[in-house]
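In our numbering, each residue's number is its place in the sequence shown (first place is 1) plus 3. Quick reminder that beta carbons are idealized off the backbone N, C-alpha and C, glycines included. Here's the structure we're looking at; comments come further down.
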Amino acid sequence: MAIFDFFFGSFVGAFEAAYYQVTYGATALIVPLALIFFAWKIWVYYINAEYLNNLKWALLEVRLPKEIRRSPLAMEIVLNSFHQTGKTGSPYKKYWLGQLRPTFSLEIVSIGGMVHFFIYTMQEFRNAVESYIYAQYPEAEIVEAPDYAEMVSYTIDGRWSMNAIEFVLSKPDPYPIKTYIDYGMDKSAKEEERIDPITPTIELMGSLKKGEQLWLQIIVRAAMNRYKLPGKWFKHGSYKDEAEEEIKKIKALATDAEGRFNTNLLTPVQKSTIESLERNTDKLGFDAGIRAIYIAEKDPSRGASSANIPALVNMMKQYNSANLNGFTISRLTSFDNYPWSEYLGLKRGEFPYINIGIKESEKEKLKGFGFYRNRSYFYQPCSHKPFVLSSEELATIYHFPGGVSGTPSFARIDSKKSEPPINLPV
């Protein structure tokens, strides 16, 4: 028994010594690695904030002629030119200069029932954006406009009431929404016979009264690899890889007794779904975030702003497809009070996110307003998970409507006059 106790005690002692050696060694290795990791993250956040803080921006308003006979394909061509990836082409640009993929904000805004189209862009892309638009819409007029969002000072006890909302896709990104091609707008037709899915949005905005505003914001950047590939720990793919996985799942439902895929076993809906996935991913993809804000001067005679929530929620319904994709509602994510918030104009004094006594719903409104005004979606302090829309999908929800949208308050300019022929008799 004494021998057993001796050997058992020796074993326990040796085990404890080995345990402490391993623990100490692991700690000595893990702690420095953890510190390096967090220091690296802080550096990346800082250098990105510094880069964003030094950017110059322009808000361009596109004033439209009385008639536009271009289909949304023209806007799709314009949007393809927004697919810019060169800023992060090297580790030096990305991790030392802090450069980020260029973002653009496509905005449709109603101020008292007057509808406006805006594009928010970096100053260095301004001339390019204007040339892209003029190439497809030569009769349009583009001017730099004051920021309408800066003209509203929203506070909890101020003279404005507000509702903010965000939209996300209801299915995985590769599944397309109902696009202008599905509405037949890619085919020639008389203006009165065309069905333009953007019309309900324009009509809703045109119905607003004095003191009411409705802002729709679509923030985009070129989509890059971020989809986690099945069976791969560190490798990521694009939304096109995700589409391939979705197609494999559908084809797995059409196998014969020997487990082989048979095209004849696909249902019409499955065939159509595969075709739609392939068509959608054949286009350029954009990371996207969509939000809307209804804001109005407090007026008892007009009623509560909450009465406009159903219209706000349903303003994207026309793009929903029963078998494919559509838009649904997502709550705003919580705000993190990062040290670099001051860089982006999100100061505590300006937007009291963390004030004690403020209802949670009011905090969400303050956050939503601040994020919208700063066009913040992809990067800290507002870092939301984007979804991918193809250029075809983007052109569907943001394009310049033709005469089919006859809202009286939809301001249009007179068509530009062309120069007379040089051989015209005097």
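Cβ neighbours of residue i in the same chain (closer than 6 Å, five flanking residues each side left out)
{"i": "Q321", "result": "P200 and P203"}
{"i": "L268", "result": "A257"}
{"i": "F41", "result": "none"}
{"i": "L287", "result": "N83, H86 and S394"}
{"i": "I198", "result": "Y186"}
{"i": "L219", "result": "I111 and A295"}
{"i": "F403", "result": "L67 and I71"}
Extent of the continuous beta strand (DSSP E) run through residue i
{"i": "I222", "result": "E215 to A225"}
{"i": "M165", "result": "W163 to L172"}
{"i": "E144", "result": "E144 to E147"}
{"i": "R73", "result": "Neither: R73 is in no beta strand (DSSP E) and is coded neither H nor E."}
{"i": "S333", "result": "F330 to S333"}
Residue i - containing alpha helix (DSSP H), residue span
{"i": "L256", "result": "That residue, L256, is in no alpha helix (DSSP H); it is neither H nor E in DSSP."}
{"i": "T399", "result": "S394 to I400"}
{"i": "I198", "result": "Careful: I198 lies outside any alpha helix (DSSP H) and carries neither H nor E."}
{"i": "Y135", "result": "R129 to Q139"}
{"i": "L280", "result": "P271 to T284"}
{"i": "V316", "result": "I312 to V316"}
Cα-Cα separation between residue i and residue j, rounded to whole angstroms
{"i": "A131", "j": "V146", "result": "14 Å"}
{"i": "S164", "j": "I400", "result": "27 Å"}
{"i": "G371", "j": "T158", "result": "12 Å"}
{"i": "A251", "j": "N51", "result": "Rather than Ala, the amino acid found at residue 251 in this sequence is Lys. When rounded, the distance between both Cα atoms is 38 Å."}
{"i": "M208", "j": "E215", "result": "10 Å"}
{"i": "I298", "j": "E153", "result": "13 Å"}
{"i": "Y183", "j": "H86", "result": "20 Å"}
{"i": "V391", "j": "K368", "result": "25 Å"}
{"i": "R282", "j": "K301", "result": "47 Å"}
{"i": "E206", "j": "G405", "result": "13 Å"}
{"i": "E53", "j": "W46", "result": "10 Å"}
{"i": "F107", "j": "K243", "result": "22 Å"}
{"i": "Y186", "j": "K274", "result": "19 Å"}
{"i": "N166", "j": "Y140", "result": "34 Å"}
{"i": "S93", "j": "Q102", "result": "10 Å"}
{"i": "F374", "j": "K190", "result": "39 Å"}
{"i": "F128", "j": "P35", "result": "42 Å"}
{"i": "S156", "j": "V171", "result": "27 Å"}
{"i": "L100", "j": "E70", "result": "45 Å"}
{"i": "V272", "j": "A138", "result": "39 Å"}
{"i": "E133", "j": "T276", "result": "37 Å"}
Same chain, Cβ closer than 8 Å to residue i, five either side skipped, listed in chain order
{"i": "S279", "result": "Y178, P179 and L327"}
{"i": "N3", "result": "Any answer about residue 3 is impossible in this case: the structure gives the chain only from 4 up to 429."}
{"i": "V316", "result": "I168 and I332"}
{"i": "F289", "result": "L82, F85, H86, V223, R224, A225, A226, V391, L392, S393, S394 and L397"}
{"i": "E249", "result": "P175, P177, Y178 and L280"}
{"i": "T284", "result": "P177, Y242, K243, A246 and S393"}
7 Å Cβ shell around residue i - same chain, five flanking residues per side excluded
{"i": "E79", "result": "S394, E395 and A398"}
{"i": "F264", "result": "K254, A257 and T258"}
{"i": "T58", "result": "The amino acid at residue 58 is misidentified as Thr; the sequence shows Leu. Taken in chain order, the residues that qualify are M125."}
{"i": "I114", "result": "Y151 and Q216"}
{"i": "I136", "result": "V65, V81, A143 and I145"}
{"i": "G89", "result": "none"}
Residues bridged to residue i [DSSP beta-bridge criterion]
{"i": "M188", "result": "According to DSSP, M188 bridges with nothing at all."}
{"i": "A291", "result": "V223 and F390"}
{"i": "R66", "result": "E144"}
{"i": "L109", "result": "I122 and I221"}
{"i": "I99", "result": "Here the sequence assigns Trp to residue 99, which means Ile is not the residue at that position. Note: W99 sits in no beta bridge, so no partner."}
{"i": "W46", "result": "None; W46 has no bridge partner."}
{"i": "F85", "result": "DSSP lists no partner for F85."}
{"i": "F264", "result": "T258"}
{"i": "E300", "result": "W163"}
{"i": "M117", "result": "I114"}
Residue-chain proximity (residue i, chain C), Cβ-Cβ < 8 Å
{"i": "A226", "result": "Given the protein chain composition of this structure (a single chain), no chain C is represented."}
Give a yes or no on contact between the segment 54-64 and the segment 116-134, applying the rule of three or more CB pairs nearer than 8 Å. The segment 54-64 is in contact with the segment 116-134.
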